[in-house]
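Reading through the structure tokens given below for one structure.
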């Protein structure tokens, strides 16, 4: 039995999905085949033509759900017997998408054992309409099953199947994405974590962590496979100082690759910063999100002061680690003046790379409900998010369109003006002009410099950056030769 995972932008280094890798590891341990494929109908069709039966799995956020639904419908037209399964963030909070054409099964929440039971039942020709965590559409009837308790001990899971993406890339990955735990203890309104806690209320602790030893097994395999950098993508890598200390002592001697991680300002201490540096940390990202206290505290529910943010920034810089910050502009209830406060706070933080995004009110989040209450959402909000992702224009209906356009333009200059604060008077004038391609080009240039040459070691980021430009500018037949020269 083959489980095929269509992946949008599979050719890009960042298109690695820890959730899919973990499910794949569980499936392979039970003797099933699992592969990824580019999310294009021709690629999927070519792979399925040789299979008598297969399950097509889509792991989707809201940003990609419309694209994957279109692909699922196309697949079902050509292979009506193939089973389509949707999981990930969007299906978890909107399992009603089971009613959409092309969707046979929706997996809600954690999917390792639900998928294993589904695939085993499918192989045996047995009924699978009562498997926990699954909503199943069969013969016109929708079967809605309850959730199973959260997995308490993550160490009982096998090592994530990084080979899945290594085989697809056909070359060693420059960097690998690793998750050492699940869940977040905080409830920021723009994040799904708050809804996740409500979804799993009474079904076990949401915040869980793999042991350091279990993580090291995964990292040793990645290093042996030629990986040159690790990107830890836990919501808060530094949530436990004791875990970080044990990790740091082992990582430097056993792995020794540069790595990056995410931290929360109010949890940062000089000791944690030193441990990260001693382990080989290249970059730490902290969320600034909003410079305005009211927006940060009341709208985003991030209970931390400007002083805590600046102190954390100072600790990270003092340890000799690159500091990257993340901020959000065009916030419901905010203003252009408030967004300039965010610029000022980032300048004071002296980040090596200050990044910003325009707020997208993701369905299922508290900020979505707040924006809806204020009447700021378009009726086609999901369509706007899905077609634009974290795009170049605000997805909200701001009352002052002039301010909204200036916020969009400020987003394009955000990194530049934090690098060169003396440009502020000029930027204040430039953002009054209509949005244009030059501003987008400025944004893309600063974003690529920051994300590839600062947020990761240049010797690793530069080849990735070159490959991105090669894909855009060169015919496909010439790409491989150039990539080989770069590597």
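Numbering (this note's numbering), first residue to last: 67 to 553. Think of the CB as a built atom: it goes at the ideal place given N, C-alpha and C, for glycine as much as any other residue.
Rounded to the nearest angstrom, the Cβ distance from residue 166 to residue 149 is 15 angstroms, too far for a contact under 8 angstroms.
If only uninterrupted alpha helix (DSSP H) runs of at least 4 residues are considered, those enclosed by the stretch 258-310 are 259-265, 278-290. For a cut-off of 8 angstroms, the C-beta gap from residue 178 to residue 273 is around 18 angstroms, too long to register as a contact. From the listed residues 500, 77, 69, 78, the smallest Cα separation to residue 87 is found for 69. One thing to note: residue 312 has its Cβ no nearer than 7 angstroms to the Cβ of residue 354. For the pair of segments examined, the stretch 372-385 was found to touch the stretch 414-427: the number of CB pairs separated by less than 8 angstroms reaches three.
Nearest to residue 406 by C-alpha distance, out of 346, 481, 338, 465, is 481. The C-beta distance from residue 523 to residue 348 rounds to 6 angstroms, short enough to meet the 8 angstroms contact threshold. Straight across, the Cα-Cα distance linking residue 470 with residue 460 is about 8 angstroms.
Judged by DSSP in its simplified three-state form, residue 326 adopts strand. Across the structure, residue 498 and residue 401 are spaced so that their CA atoms are roughly 15 angstroms apart. Within the DSSP bridge table, the entry for residue 144 names no partner.
Straight-line measurement puts the Cα of residue 484 at about 43 angstroms from the Cα of residue 162. The stretch 111-124 and the stretch 140-148 touch, with no fewer than 3 CB-CB distances between them shorter than 8 angstroms. Counting only runs of at least 3 residues, the stretch 143-200 fully encloses the following beta strand (DSSP E) elements, listed from N- to C-terminal order: 149-153, 171-173. Per DSSP, residue 410 is one residue of the alpha helix (DSSP H) stretching across 402-415. Cβ-Cβ distances below 6 angstroms link residue 339 to 381, 382, 385 in the same chain, with the five nearest sequence neighbours on each side left out; the list follows chain order.
Beta-bridge analysis with DSSP links residue 423 to 394. DSSP lists 325 as the bridge partner or partners of residue 347. Non-local beta-carbon contacts of residue 518 in its own chain, meaning distances under 7 angstroms to residues more than five positions away in sequence, involve 527, 528, 530, 531 in chain order.
Between residue 185 and residue 121, the beta carbon gap of about 6 angstroms places them in contact (Cβ cut-off 8 angstroms). Cβ-Cβ separation between residue 351 and residue 323: approximately 18 angstroms, too far for a contact (criterion under 8 angstroms).
Contact check between the stretch 214-233 and the stretch 280-293: three or more CB pairs, one atom from each, fall below 8 angstroms, which counts as touching.
Contact check for residue 175 against residue 213 passes: the beta carbons are separated by less than 7 angstroms. As a beta-bridge residue in DSSP terms, residue 204 pairs with 207. Within a 10 Å sphere around the beta-carbon of residue 491 sit fewer than 16 other beta-carbons, which makes this residue exposed.
Burial is judged here by how many other beta carbons sit within 10 angstroms of a residue's own beta carbon; residue 123 has at least 16 and is buried. Residue pairing of residue 242 in beta bridges, as defined by DSSP: 296.
Counting along the chain, residue 104 sits inside the beta strand (DSSP E) bounded by residues 99-104. Residue 368 is not a Cβ neighbour of residue 293, given a cutoff of 7 angstroms. Counting every other CB atom within 10 Å of its CB across the protein chains shown gives residue 205 a total below 16, marking it as exposed.
Non-local C-beta neighbours of residue 343 in its own chain, meaning closer than 7 angstroms and more than five positions away in sequence, comprise 385, 386, 387, ordered along the chain.
Residue environment for residue 196: exposed (fewer than 16 other C-beta atoms within 10 angstroms of its C-beta). For residue 491, the enclosing alpha helix (DSSP H) begins and ends at 490-496.
Beta-bridge partners of residue 71 (DSSP): 102. The C-beta of residue 238 has fewer than 16 other C-beta atoms within 10 Å across all chains shown, which makes the residue exposed.
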